[in-house]
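Worksheet: the structure to be examined is printed underneath.
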Amino acid sequence: MQWSCQLSPEIGAHSAALSPSSPAFQESPAQGAQLWGTLSRAQEDLWYQVLWHSWLMLEQFPFGRRLPCDIYWHGVSFHDNDIFSGQVNKFPGMTEMVRKITLSRAVRIMRNLFPEEYNFYPRSWILPDEFQLFAAQVQMVKDGDPSWKPTFIVKPDGGCQGDGIYLIKDPSDIRLAGTLQSRPAVVQEYICKPLLIDKLKFDIRLYVLLKSLDPLEIYIAKDGLSRFCTEPYQEPNSRNLHHVFMHLTNYSLNVHSSNFIHSDNASTGSKRTFSSILCRLSSKGVDIKKVWSDIISLVIKTVIALTPELKVFYQSDIPTGRPGPTCFQILGFDILLMKNLKPMLLEVNANPSMRIEHEHELSPGVFENVPSLVDEEVKVAVIRDTLRLMDPLRKKRESQSQQLEKASVEKEDPLDSELAGVPDTNPEAQLPSICLKQVFPKYAKQFNYLRLVDRMANLFIRFLGIKGTMKLGPTGFRTFIRNCRLSSSSLSMAAVDILYIDITRRWSSMTLDQRDSDLGEQQLSSSKHQRTRPGRRVRLDCPTCHGPVLHRWEPERPLRGHVLGLRSGFRKEVCAWIERCFSPIAIAPDVWMCLQAFIEAFFFLAQRKFKMLPLHEQVASLIDLCEYHLSLLDEKRLVCGRSGTVGGRSPPHLPHQDTCPPPCANGADKFSHPRPTVP
1 MQWSCQLSPE
11 IGAHSAALSP
21 SSPAFQESPA
31 QGAQLWGTLS
41 RAQEDLWYQV
51 LWHSWLMLEQ
61 FPFGRRLPCD
71 IYWHGVSFHD
81 NDIFSGQVNK
91 FPGMTEMVRK
101 ITLSRAVRIM
111 RNLFPEEYNF
121 YPRSWILPDE
131 FQLFAAQVQM
141 VKDGDPSWKP
151 TFIVKPDGGC
161 QGDGIYLIKD
171 PSDIRLAGTL
181 QSRPAVVQEY
191 ICKPLLIDKL
201 KFDIRLYVLL
211 KSLDPLEIYI
221 AKDGLSRFCT
231 EPYQEPNSRN
241 LHHVFMHLTN
251 YSLNVHSSNF
261 IHSDNASTGS
271 KRTFSSILCR
281 LSSKGVDIKK
291 VWSDIISLVI
301 KTVIALTPEL
311 KVFYQSDIPT
321 GRPGPTCFQI
331 LGFDILLMKN
341 LKPMLLEVNA
351 NPSMRIEHEH
361 ELSPGVFENV
371 PSLVDEEVKV
381 AVIRDTLRLM
391 DPLRKKRESQ
401 SQQLEKASVE
411 KEDPLDSELA
421 GVPDTNPEAQ
431 LPSICLKQVF
441 PKYAKQFNYL
451 RLVDRMANLF
461 IRFLGIKGTM
471 KLGPTGFRTF
481 IRNCRLSSSS
491 LSMAAVDILY
501 IDITRRWSSM
511 TLDQRDSDLG
521 EQQLSSSKHQ
531 RTRPGRRVRL
541 DCPTCHGPVL
551 HRWEPERPLR
561 GHVLGLRSGF
571 RKEVCAWIER
581 CFSPIAIAPD
591 VWMCLQAFIE
601 AFFFLAQRKF
611 KMLPLHEQVA
621 SLIDLCEYHL
631 SLLDEKRLVC
641 GRSGTVGGRS
651 PPHLPHQDTC
661 PPPCANGADK
671 FSHPRPTVP
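Letter 123 of the sequence shown, counting from 1, is numbered 123 in the UniProt record's numbering, and no numbers are missing.
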């Protein structure tokens, strides 16, 4: 069966789709599959190289087709087109997850659990929320070490191509740069000692294929791009702080420098292949295998930090049990090598540029597109081999090939000697070896212990309750506590309610995704939320005496209704508590508990239950306990209606529960973010 490729124009981007060809095409093997749509010249050249000069053998169809597709190729995000089957080259939520702020939060969660494993990302603060914390911590370090003269880099959250990035020497300089309320940002420690080649700073763009989310499958391209600055590097000072061509490696900035060199040689110019850099380092005695090993480790750990939230996005857009596509995505990892050859993650791009040409200015204001052989060498291979890996018929062909090989071993065909000199007719066999190397699950045994947050995300998704939502409501959180048997005499359900409200309110202003807010009115009218509509009488447990509390909720006036069954000394406290519980912000679905808020609550519960242990051991023990109780619950449901009892599964080995644990911090860091505490 052949494929068809569909490329459709969008606002600011183009999308593609690959599908089985029609019966008419199957009857005519001379004809290829189909391509339709309007492309930019750069995209046209790229897809010409990938599709026409490969085993896909596509034919252009300018008016498209209505048949279902095997592969959809979107330009920007998962939501570019409505799709219900096949495979799409974007994950829902990936664009949001790799933004500066959300990436920093995801890595910070993992660093709290595994400080030594996640020291490849510069220490970051989120602005404007953490400006006071940033200023206080910088001042504290300066007081302890007056000789310390740091430099920081400010990156707008939604910025790209170097837009809005600037360097500062002191936190007070941020206020002079403009308002952060309208454009949140991340401020990071600037890496002052990068590895230099030809006295120039450079970074590495590596292409990573996330082939599958569950099970997790990751590939890394064997070659990438090295983008060079165009001004010799000097450590930041007051005189060169604003020299963008010295400090920022972004191609989109340096290409406008008069010193930028376009070269067809992969080892010279301002853009080179990463393999040429490795060859140069190898000639100087550098252990290239160690460099690659560190980079692979960085990529796997970063993807592990991103996958929990991606799972929540995925189940929201493609709920379990509903028809929908599977997803894959090519990511661009920007990595900086330090002087000691340690790789540092700069950022992750959800939509890395796949242009294989650059603009050449013939005269002022007159440009022409010139092919870039360096880009073509790297990017064409990445696209081509991604399609080879995602080929829906690949497994079938491999299975048939294995069966034929097995049959030939069992019984030798007398024609084998005659056919030995006949070339292989499989068109894919004529292609170069695949450039994408699998790193996960190949190295899963080395990294699976890091996937604690992934297991927490599975618990979170289980108790969401409403298909398509990304927020955990108060009922779902209480059900989680009950089913996992986490409540006790020291943690009543009333305390659980307060924990939920306090953490949810703290995260309400930092919500990752706002799509649920559009469904707020619809969800409030559902039966699940009828108990909190105006005029309803509500029964709660008092947080002080644990007795019943009846209250009539009237949002039009302050919640100071009559409280039954309590001594007068407790009434004021309980009324204040009821007001907190039933204020509109506490019950609105768009400010329910997001995954990161759930993780904070989970950390709090783990620290209460398992004491005198490092945080990652506390969390792992609580996850084991939750999974154990939920497995028992699942078994009981399976045997429901039948005689017999649930077999004797022993509970997981849990550590002794003692006093409060010491803070888990990386002593090598100058700064440490305080762990959130719940009053």
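We put the beta carbon where it would ideally sit given N, CA and C, even for glycine.
#### Entry: Residues bridged to A597 [DSSP beta-bridge criterion]
Residue numbering aside, residue 597 sits at position 597 when the sequence shown is read from its first letter. DSSP lists no partner for A597.
### Query
Can you name, in chain order, every residue of its own chain whose Cβ lies under 6 Å from the Cβ of V422, other than the five neighbours on each side?
As a working note, residue 422 is residue 422 in the sequence shown. Because the pLDDT of V422 is 47, which lies under 50, any placement of that residue in the model is unreliable, and the number read from its coordinates should be weighed accordingly. Excluding sequence neighbours, V422 sits near nothing in its chain.
### Query
Is DSSP giving V186 helix, strand or coil here?
Within the sequence shown, numbered from 1, the residue matching residue 186 stands at position 186. Strand at V186.
### Task
Using beta-carbon positions only, say whether W507 and A597 come within less than 8 Å of one another.
By 1-based counting over the sequence shown, the position of residue 507 is 507. By 1-based counting over the sequence shown, the position of residue 597 is 597. Their beta carbons are under 8 Å apart, which means W507 touches A597 by this criterion.
### Supposed close pair I191, M94 - CB separation, criterion 8 Å
Residue mapping note: residue 191 aligns to position 191 of the sequence shown, counting from 1. Residue mapping note: residue 94 aligns to position 94 of the sequence shown, counting from 1. Not quite, the Cβ-Cβ distance comes to about 26 Å (not below 8 Å), so this is no contact.
### Query
What three-state label does DSSP hand D163 in the structure shown?
Here residue 163 corresponds to residue number 163 of the sequence shown, with the count starting at 1. Coil, per DSSP.
### Query
Counting pairs of beta carbons, one from the segment 431 to 439 and one from the segment 280 to 295, are three or more of them closer than 8 Å?
no
### Task
Measure the C-alpha to C-alpha separation of P194 and E627 and round it to an integer number of angstroms.
As a first step, residue 194 is located in the sequence shown; it is residue number 194 there, counting from the start. As a first step, residue 627 is located in the sequence shown; it is residue number 627 there, counting from the start. Between P194 and E627, the C-alpha separation is close to 45 Å.
### Message
Check whether the segment 237 to 249 and the segment 292 to 304 are in contact - that is, three or more C-beta pairs closer than 8 Å.
### Response
no
### Message
Please tell me whether N89 and Q315 are closer than 8 Å, where the distance is taken between their beta carbons.
### Response
Reading the sequence shown from its first residue, position 89 is the one you call residue 89. Reading the sequence shown from its first residue, position 315 is the one you call residue 315. Their beta carbons are not under 8 Å apart, which means N89 does not touch Q315 by this criterion.
### Message
Within the continuous beta strand (DSSP E) that includes F202, where are the two ends?
### Response
Taking the sequence shown and counting its residues from 1, the one referred to as residue 202 is at position 202. That run of the beta strand (DSSP E) goes L200 to S212.
### Query
For D173, does the three-state DSSP call read helix, strand or coil?
By one-based count along the sequence shown, residue 173 stands at place 173. Helix, per DSSP.
### Message
Taking the alpha-carbon of E189 as reference, which of D634, R108, Y251 and R123 has the nearest alpha-carbon?
### Response
Against the sequence shown, residue 189 aligns to sequence position 189. Nearest option by C-alpha distance: R123.
### Query
Going straight from the alpha carbon of D385 to that of S252, what length do you get?
Your numbering for residue 385 matches position 385 in the sequence shown. Your numbering for residue 252 matches position 252 in the sequence shown. Straight-line Cα distance between these residues: approximately 26 Å.
### Query
If we call anything under 8 Å between Cβ atoms a contact, is L615 one with N112?
Numbered from its first residue, the sequence shown carries residue 615 at position 615. Numbered from its first residue, the sequence shown carries residue 112 at position 112. Cβ distance < 8 Å, so L615 and N112 count as in contact.
### Query
Which one or two residues does DSSP pair with C327 in a beta bridge?
On the sequence shown, residue 327 is found 327 positions in, with the first residue counted as 1. Answer is V88, bridged to C327.
### Query
Can you find at least 3 beta carbon pairs, one from the segment 492 to 500 and one from the segment 334 to 351, that sit closer than 8 Å?
no
### Message
Taking its Cβ as the centre, do 16 or more other Cβ atoms sit within 10 Å of M140, making it buried, or is it exposed?
### Response
Working through the sequence shown from its first residue, we reach residue 140 at position 140. The residue is exposed, with fewer than 16 neighbouring Cβ atoms inside 10 Å.
### Task
Classify L35 as helix, strand or coil using the three-state DSSP reduction.
Start at 1 with the first residue of the sequence shown, and residue 35 comes out as number 35. Below a pLDDT of 50, predicted positions are generally treated as unreliable, and L35, at 36, falls in that range; the measurement from the model is reported next regardless. Looking at L35 - three-state DSSP - the assignment turns out to be strand.
### T479 versus G468, I461, S489 and T469, residue with shortest Cα-Cα distance
Start at 1 with the first residue of the sequence shown, and residue 479 comes out as number 479. If we check each option's Cα against that of T479, I461 comes out closest.
### Query
Hey, quick one: how far does the alpha helix (DSSP H) through Y251 stretch, first residue to last?
Sequence index remark: in the sequence shown, residue 251 carries index 251 (1-based). Its alpha helix (DSSP H) spans residues Y251 to N254.
### Message
Whole angstroms are fine: how far does the CA of M338 sit from the CA of L225?
### Response
Here residue 225 refers to the residue found at position 225 when the sequence shown is read from its first residue. Here residue 338 refers to the residue found at position 338 when the sequence shown is read from its first residue. Their backbone Cα atoms lie some 17 Å apart in a straight line.
### Task
Taking 8 Å as the cut-off, decide whether the C-beta atoms of residue 680 and L595 are in contact.
Look at the range of the chain in this structure, 1 to 679, and you will see that residue 680 is not part of it.
### Message
Helix, strand or coil for Y443? Go by DSSP, reduced to three states.
### Response
Indexing the sequence shown from 1 puts residue 443 at position 443. Looking at Y443 - three-state DSSP - the assignment turns out to be coil, as it is neither helix nor strand.
#### Entry: Proximity winner among L206, S258 and D334, relative to P378 (alpha-carbon distances)
Position 378 of the sequence shown, counting from 1, holds the residue named residue 378. Position check: residue 378 holds Val in this sequence, whereas Pro was assumed. Nearest of L206, S258 and D334 to V378, Cα basis: L206.
### DSSP-derived helix/strand/coil call for W125
Along the sequence shown, one-based indexing puts residue 125 at 125. Note: W125 maps to strand in three-state DSSP.
### Message
Quick check on the burial criterion: 16 or more other C-beta atoms within 10 angstroms. Buried or exposed for K290?
### Response
For the purposes of this step, residue 290 is taken as the residue at position 290 of the sequence shown. By the neighbour-count rule (16 or more Cβ atoms within 10 Å), K290 is not buried but exposed.
### Task
Give the single residue among H360, S104, A444 and L625 whose Cα lies nearest to the Cα of L216.
Taking the first residue of the sequence shown as 1, we reach residue 216 at position 216. Cα-wise, what sits closest to L216 is A444.
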